[in-house]
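Notes follow the structure.
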Amino acid sequence: MYRNGHIGASLAVYAPFGFLVTALVSLEAGLLGALGVASTAMVPDLDVRVPFVKHRGITHTVWFALLVGAAFGTVGLALGVRNDAATALLFGGVGFLFGAGTIVSHLLADALTPMGVRPYAPVRDDEYTLDLFAAANPVANYALLGLGGVTAAVALVAGEAVPV
203 MYRNGHIGAS LAVYAPFGFL VTALVSLEAG LLGALGVAST AMVPDLDVRV
253 PFVKHRGITH TVWFALLVGA AFGTVGLALG VRNDAATALL FGGVGFLFGA
303 GTIVSHLLAD ALTPMGVRPY APVRDDEYTL DLFAAANPVA NYALLGLGGV
353 TAAVALVAGE AVPV
């Protein structure tokens, strides 16, 4: 997929978390999370700018998702530790889900294309593809963007409607 498709996939995957964040914290926090996942949706494709790193290689694996999740979780933990241990663990968990979820959404979108992904490489060489449409298909990319945008918007509005 291209940028629009990946942003849509990240918003669709974020939608249930966005609902919870909005319901438990605020609409502003939910919107900030949506902006965050949309802005990090292309992180795995930074591999095309790194010499000697194969595209859809290591940055398109669950191992990379765990690494990014751990990095975001560490930041969340550090931010939460200012309050108390429970807040630190909550922030760390949310950070982990945010980071890992963004990478996993990218893998899911790429699995829609004929090239697919090998999410467990180099441990296992299983390839996953639904072979639905080419990554460059503009209709598919905009459709995924629209689907993700609508899904996230509905989730945030529904979260705002939940009485706390």
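Offset between the sequence shown (1-based) and the numbering used here: plus 202.
Backbone N, C-alpha and C define an ideal beta-carbon position, used for all residues, glycine too.
Based on Cα-Cα distance, which residue from the options lies nearest to residue i?
i: Ala311; options: Thr276, Asn339, Gly220; result: Asn339
i: Ser241; options: Gly295, Phe335, Val325, His208; result: His208
i: Ala336; options: Ala313, Leu292, Val325; result: Ala313
i: Asp176; options: Gly282, Gly301, Val264; result: What is shown of the chain runs 203 to 366, which leaves residue 176 out entirely.
i: Leu334; options: Leu347, Gly318, Arg326; result: Gly318
i: Gly301; options: Leu347, Ala225, Leu269; result: Leu269
i: Val364; options: Ala214, Thr224, Asn206, Leu213; result: Thr224
If we call anything under 9 Å between Cβ atoms a contact, is residue i one with residue j?
i: Gly238; j: Leu358; result: no
i: Thr331; j: Thr353; result: no
i: Gly275; j: Gly295; result: yes
i: Ala211; j: Ala243; result: yes
i: Leu279; j: Ala290; result: yes
i: Leu309; j: Gly271; result: no
i: Asn343; j: Tyr216; result: no
i: Ala360; j: Phe219; result: no
Note down the Cα distance separating residue i from residue j, rounded to an integer number of angstroms.
i: Ala267; j: Val366; result: 32 Å
i: Lys256; j: Ser228; result: 40 Å
i: Phe293; j: Asp286; result: 11 Å
i: Arg320; j: Pro253; result: 20 Å
i: Val306; j: Val245; result: 11 Å
i: Gly351; j: Ala273; result: 26 Å
i: Leu234; j: Asn206; result: 19 Å
i: Val325; j: Asp247; result: 21 Å
i: Leu213; j: Leu226; result: 19 Å
i: Ala323; j: Val341; result: 30 Å
i: Arg284; j: Ala345; result: 42 Å
Go through its chain and collect everything with a Cβ distance to residue i's Cβ below 8 Å, but skip five positions before and after it.
i: Asp249; result: Val255, Lys256, His257, Arg258, Gly259, Ile260, Thr261, His262
i: Val356; result: Ala217
i: Gly282; result: Thr289, Ala290, Leu291, Leu292, Phe293, Gly294
Excluding sequence positions up to five away, which residues of its chain have a Cβ less than 6 Å from the Cβ of residue i?
i: Glu362; result: Thr224, Leu229
i: Gly297; result: Phe274, Gly275, Val277, Gly278
Output needed for residue i: all residues of its chain with C-beta closer than 7 Å, excluding positions within five of it in sequence on either side, in chain order.
i: Leu349; result: Gly210, Ala214
i: Leu347; result: Asn206, Gly207, Ile209, Gly210
| said: Extract the residue ranges of the beta strand (DSSP E) inside the stretch 291-336, only unbroken runs of 3 or more that lie entirely within it. | reply: For the stretch 291-336, not a single whole beta strand (DSSP E) run of length 3 or above is found.
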